[in-house]
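These notes concern the structure reproduced below.
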Amino acid sequence: MISVLGYELGRAKELLEAEGYSVRCVETRSRKGLNGNEKRVIRQRTDGNAVELIWALFKTDCEYGG
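Just so we're aligned, residue 17 is where the sequence shown starts under this note's numbering, counting upward by one.
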């Protein structure tokens, strides 16, 4: 299985589903509740044919206010 850590969430899900995995996405966030503009995978867990992706918002665009 491909590691999708750091990938944009949509792309990570696409890649894993193409390999035949069932994908579940779970959001996590910092206690400060910082704003972001891009969903990135920060943890990947596998259980048989299922994959759980934990994601968080990251500020990857310097022009993004927030």
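Glycine included, each C-beta is placed from N, C-alpha and C at the ideal position. Owing to the predicted nature of the structure, the values given are computational and were not obtained by experimental measurement.
{"Asked": "Would you kindly work out how many angstroms separate the C-alpha atoms of glutamate 43 and glycine 36, rounded to a whole number?", "Found": "22 angstroms"}
{"Asked": "For leucine 32, which residues from the same chain have a beta carbon less than 6 angstroms from its beta carbon, with the 5 sequence-adjacent residues on both sides left out?", "Found": "Val39, Val67"}
{"Asked": "Compare the Cα-Cα distances from asparagine 53 to each of Val20, Ser19, Leu25, Met17 and report the closest residue.", "Found": "Leu25"}
{"Asked": "Is it right to say alanine 34 is buried, meaning 16 or more other beta carbons lie within 10 angstroms of its own, or is it exposed?", "Found": "exposed"}
{"Asked": "What is the residue span of the beta strand (DSSP E) that leucine 1 lies within?", "Found": "The first residue shown for the chain is 17 and the last is 82, placing residue 1 beyond what the model contains."}
{"Asked": "Helix, strand or coil for arginine 45? Go by DSSP, reduced to three states.", "Found": "coil"}
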